[in-house]
Amino acid sequence: MEDDRRAPSPDPSYRSESPDTPRSRAGSADLAGVYQLMAQLLQQQQQIQLATIQPTSSYYERFQRLHPPVFDGGPDPIAAETWIRDMEKMFQALQFPEETKVRLAIPQLKRSAEFWWTTMEPAYPASRITWRDFTRLFYTKYFPNSMSQMKQDEFLTLTQSEQMSVLQYASKFNELGRFCPQFMDNERSKASRFEQGLRYRIRSRISSHLFTCYRDMLDRALKVEADLMRPDLERNDLMKARPAGGQSSRPKGIKGSMIKKRQNRGCPSCGKHHSGPCLKKIGACFTCGQLGHMAHDCPKRAPRPPATEGQKPSNTPRVFALTRQDASASDQVVTGTLPVNLIDASILFDFGSTHSFVSVSFSKQLHCTSEKIEPLHVATPLQETVIVDTKYKNCIIQLGGKELEANFLQLDMHDFDIILGMDWMSQYHAHIDCYHKKVVFRMPGEPKFFFQNDDTPPQCKPTLHFISALRAVRALRKGCTAYLACVTDTQKKIKLEDIPVVREYPDVFSEELPGLPPDREVEFTIDLTPGAGPISKAPYRMAPAELRELKTQL
């Protein structure tokens, strides 16, 4: 029994393996890889299921958080184009897929736009149409090609008006520029088109610079605009700081004794301050200085214009010289030629004139707007009164390397184009040097400069000025008129030796050619034999064989 209970002997062909052997470890690794692959497949399947559900829930919620605009199909085409641009910006910001854009945009169509899409949806289902096809159909209905062409024309004719600032002009320029990408995509062409639309006062100051970047052009235009507005702001500040009633702000205690002494110095006869002999003492006219009549009976007294009811009395403007004879007879005026708005003008510096004037003919060349003012009665040297009611503002005078502004009243004169009076010269601290015939400018904080007249009589002064070829090309591009002149010396007489054919036959032609021979009473003719006809000869005709031979020889 003990032998039967004994365990059987092991089979030599069978070998038991421990769990830690290499083969058992490899099987466990393969099983773990299978489990990991199944987990990844399950996760991807869940993501696909979520992706199919997300457009209807997550996309719409994220889209509505941005408060998308609504389009109701109104008559304004710009509103339709703006709605499409706003929708595209939102889609780009949220990075929505292409197939969700149309389904998210359709709920934003209201009223007539919603009715329009209801008629289009059977042919173009929202689940199949792309966003590009949707915008094409939308633009065909609400933003046709004719409207796009009209906006392009508006961009090409856009200019800065007098009431428009540079920033307002730039905003309008960029708003319309999206319809002309051929100008906006290139920085140089964009800057050039922006410069062409600027106001003349600003464009004339930056035309000498070559800008290749739109931003540099805009910065330069803003600086020029600020420089042009500075005198007006300073003038307004000065008017605000001036006390009411026109009283001086000087303290009464300063130099009081000197003021009293000056006030006490008066004429012993009339008690007034004047130079020369006292007209009251000798009984002369206060207007012309002659004896025999009083001022109210003076024949040279200018007629006083009738004052309207309620009109405040004002100082009458006057002009000292209107002709070159008046200017040459006085040593207190200076004449010359200066460019005004880039056009050469004959100018008279006249301290006797209270205002600055421009002739009627030259005012048409200023290329600036005029405005109507209250009629002013201007006293002329002939003791006459001329009524002016037109004013030209912010004209540019180039003098001493600087650009000086001036305002002109339109006056009918012929010898001068411009008269610069006290209003302009006092603004720029100008003084006339009568001995050297020059005008000196001493502006505060700037170096002194001057304009000097030569000794040549005004009638003999050259009026031609030379400019560079580059500046001439720019002037032609801006629409300036150019003339090609041929100069001929009319003082020189033509000799026989100067005529090419006549000089070869000196024995035939006389020294002086009076011209064509005079008409004779009897015309020179040649009589033919009666009955004779004109000579005619038939043309020679070649045979085809001869013609072929001739062509072969040639």
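My numbering applies: residue 4 is where the sequence shown begins, and numbers increase by one.
Every residue gets a Cβ at the ideal spot worked out from N, C-alpha and C, and that includes glycine.
With fewer than 16 other CB atoms across the displayed protein chains lying within 10 angstroms of its CB, residue 556 is exposed. Taking every protein chain shown into account, the CB of residue 39 has fewer than 16 other CB atoms within 10 angstroms, so this residue is exposed. In this structure residue 224 touches residue 209 by the C-beta definition: roughly 6 Å separates them, less than 8 Å.
A Cβ-Cβ distance of about 5 Å is found for the pair residue 422 and residue 351, placing them in contact under the 8 Å criterion. At a Cβ-Cβ threshold of 8 Å, residue 447 and residue 401 do not count as neighbours. For the stretch 342-415, the full-length alpha helix (DSSP H) segments reaching 4 residues or more read 363-366 along the chain. Fewer than three beta-carbon pairs drawn from the stretch 137-149 and the stretch 169-183 are found closer than 8 Å, and the two stretches are therefore not classed as touching. With respect to residue 182, residue 151 sits close: the two C-beta atoms are nearer than 8 Å.
Within the DSSP bridge table, the entry for residue 185 names no partner. Residue 416 sits buried, since 16 or more C-beta atoms from the chains shown fall within 10 Å of its C-beta. Around the beta carbon of residue 360, a 10 Å sphere encloses 16 or more other beta carbons of the protein chains shown; the residue is thus reported as buried. Annotation: residue 83 to residue 123 spans about 17 Å, alpha carbon to alpha carbon. If you check the CB distance, residue 369 and residue 395 come in under 8 Å. Within a 10 Å sphere around the beta-carbon of residue 353 sit 16 or more other beta-carbons, which makes this residue buried. Under DSSP, residue 441 shares a beta bridge with 436 and 455. The continuous alpha helix (DSSP H) containing residue 473 extends over residues 472-480.
DSSP, reduced to helix, strand and coil, places residue 505 within a helical segment of the structure shown. Look at residue 338 here: in three-state DSSP terms it is strand. Residue 173 carries a helical assignment under DSSP once its states are collapsed to helix, strand and coil. Out of 387, 281, 435 and 389, the CA that lies nearest to the CA of residue 355 is found in 435. For residue 421, DSSP records a beta bridge to 350 and 361. For residue 469, the three-state secondary structure derived from DSSP is coil. One Cα belongs to residue 101, the other to residue 72, and the distance between them is close to 19 Å. Beta-bridge partners assigned by DSSP to residue 74: 112.
Residue 483 is classed as exposed because its beta carbon has fewer than 16 other beta carbons within 10 Å across all chains shown. Straight across, the Cα-Cα distance linking residue 538 with residue 528 is about 18 Å. The DSSP-derived three-state label of residue 548 is helix. Counting the other Cβ atoms within 10 Å of the Cβ of residue 233 gives fewer than 16, which makes it exposed. Contact between residue 371 and residue 203 is confirmed by a C-beta separation of about 6 Å, below the 8 Å threshold.
A Cβ-Cβ distance of about 36 Å is found for the pair residue 149 and residue 228, leaving them out of contact under the 8 Å criterion. The Cβ atoms of residue 301 and residue 290 sit closer than 8 Å to each other.
Note on geometry: alpha-carbon atoms of residue 106 and residue 130 lie some 7 Å from one another. Closest in C-alpha terms to residue 407, from the list 348, 441 and 231, comes 231.
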